[in-house]
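Let me begin by presenting the structure, written as structure tokens, before commenting on it.
Numbering (this note's numbering), first residue to last: 741 to 1118.
Take a look at the structure:
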């Protein structure tokens, strides 16, 4: 029991209350982080607004949807710049302390380098947890609303969006092949084809029509100019009948076809689990959904990784901390995203196991930080 309590007792002894040294270093870092976060977010907001400005002129819908789209996109922007802001801030502050010899003075006074940066490391771990929760509860719902507003803007500019054409998909009892979906009219136009399959894999009947209308209440489908072909157990033709109009009770509704594949980046962890089951039912590949489940936790870990690397890199800075911090931030963040994107692509294509693909980059960078620390004489 005492062994379990040791870390907490050490933390209480060292950091409660905060020492002058910790307040001096951490507050300097925190102010730099907040300022950098605001600056980077503002730059992305300006770019985003410039990108959608064309809808202010061309869209026939209320222009408030343009502003709402930018507003709902704001949490995602913050999520994107937290890691670079952390990297720059810790590298800049520790670099300044190193250039001004304050870091040396602290260590000469008997305070180890790890003890000096411990508050920042704890902040990095906290940001990992905070950004994971923030992504699940704020970013994802906001992204959904941003996409809705974007759809309204795009459709107001006479652009095709959320368009489904020639879709082959598995249902609960059979397979569908549909053409163009008119959501306003609850109708599939250009062709609607269905084949019902028994549990042992034998077809019982097929039906094809030029148009099919979904009736929400009672749940039913009305097929026009339909041709129905039925088979017996030996797959012999039993009947072939044409109907000007006939009603069927297919279990799927129109939304099943109009949005067959949801964007995994717009789903939280629990919705991703449901989406996997839905795609299994529909016969749609779901490997990218599993990858997104891992990304929900692996990507926010970047906050801790860059804080660790930034602290070590700042400690060995021998020149202008601002220039060095900016260069290191760009290099590390860019390399991190490149390696993570490459590993993700390999995992999606099956070239790497999902676990390895999604956690490889954090492990590599954490190992690099440990190796750098062991090589440093601090």
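Glycine included, each C-beta is placed from N, C-alpha and C at the ideal position. Quantities reported herein were computed from a predicted structural model and do not represent experimental measurements.
Original post:
Rounded to the nearest angstrom, how far is the Cβ of residue 825 from that of residue 773, given a contact under 8 Å?
Top reply: 6 Å
Original post:
If residue 1098 and residue 1083 are in contact, beta carbons under 8 Å, what's the gap, nearest whole angstrom?
Top reply: 7 Å
**OP:** For residue 768, verify whether its CB is less than 7 Å away from any heavy atom of the ligand HEM.
**Re:** As far as ligands go, the structure on display features none, and thus does not contain the ligand HEM.
**OP:** Under the assumption that residue 1039 contacts residue 1076 (Cβ atoms under 8 Å), give the Cβ distance between them as a whole number of angstroms.
**Re:** Residue 1039 to residue 1076, Cβ: 10 Å. No contact.
Original post:
For residue 766, which option in 1100, 1107 and 837 has the closest C-alpha, if you only look at C-alpha atoms?
Top reply: 837
Subject >> Segment limits, beta strand (DSSP E) that includes residue 864 >> reply: Not the beta strand (DSSP E): residue 864 falls in the alpha helix (DSSP H), residues 853-874.
Original post:
What did DSSP end up calling residue 929 once you bin it into helix, strand or coil?
Top reply: strand
Original post:
Taking the beta strand (DSSP E) that residue 979 falls in, what are its first and last residues?
Top reply: 977-988
**OP:** Tell me whether residue 944 sits in a helix, a strand or coil according to DSSP, three-state version.
**Re:** Correct three-state label for residue 944: strand.
Original post:
Can you pull the DSSP bridge partners for residue 963?
Top reply: 952 and 986
Original post:
Applying the criterion that 16 or more other CB atoms from any shown protein chain within 10 Å of the CB defines a buried residue, is residue 840 buried or exposed?
Top reply: exposed
**OP:** Using DSSP bridges, identify the partner residues of residue 910.
**Re:** Bridge partners of residue 910 according to DSSP: 915.
Original post:
Are the Cβ atoms of residue 990 and residue 921 separated by less than 8 Å?
Top reply: no
Original post:
Looking only at its own chain, which residues have a Cβ that is under 8 Å from the Cβ of residue 1056, when we skip the five neighbours before and after it?
Top reply: 838 and 1116
**OP:** Figure out for me which residue from 934, 1016, 960 and 943 has the closest Cα to the Cα of residue 975.
**Re:** 943
**OP:** Answer yes or no: do residue 950 and residue 965 have a C-beta to C-beta separation smaller than 8 Å?
**Re:** A contact, by the Cβ cut-off of 8 Å.
Original post:
What distance in whole Å lies between the Cβ atoms of residue 886 and residue 809, which are believed to be in contact at a cut-off of 8 Å?
Top reply: 5 Å
Original post:
Assuming residue 822 contacts residue 867 under a Cβ cut-off of 8 Å, what Cβ separation, rounded to an integer in Å, is found between them?
Top reply: 7 Å
**OP:** Put residue 993 into one of helix, strand or coil per three-state DSSP.
**Re:** coil
Subject >> Contact under 8 Å by Cβ, residue 1088 with residue 1024 >> reply: no
**OP:** Can you check DSSP and say which residues form a bridge with residue 970?
**Re:** 945 and 979
Original post:
What's the call for residue 1003, buried or exposed, on a 16-neighbour Cβ count within 10 Å?
Top reply: Exposed: under 16 other Cβ atoms inside 10 Å.
Subject >> Whole-angstrom distance between residue 891 and residue 902, CA atom to CA atom >> reply: The predicted position of residue 902 is uncertain, since its pLDDT is 49 and thus under 50; a value taken from the coordinates is nonetheless stated next. Whole-angstrom Cα-Cα distance: 8 Å.
Original post:
For the candidate residues 806, 775 and 802, whose alpha-carbon lies nearest to that of residue 790?
Top reply: 806
Original post:
What do you reckon, are the CB atoms on residue 1072 and residue 783 nearer than 8 Å?
Top reply: no
Subject >> Among 1044, 1011, 1045 and 1021, the one whose alpha carbon lies nearest that of residue 1029 >> reply: 1011
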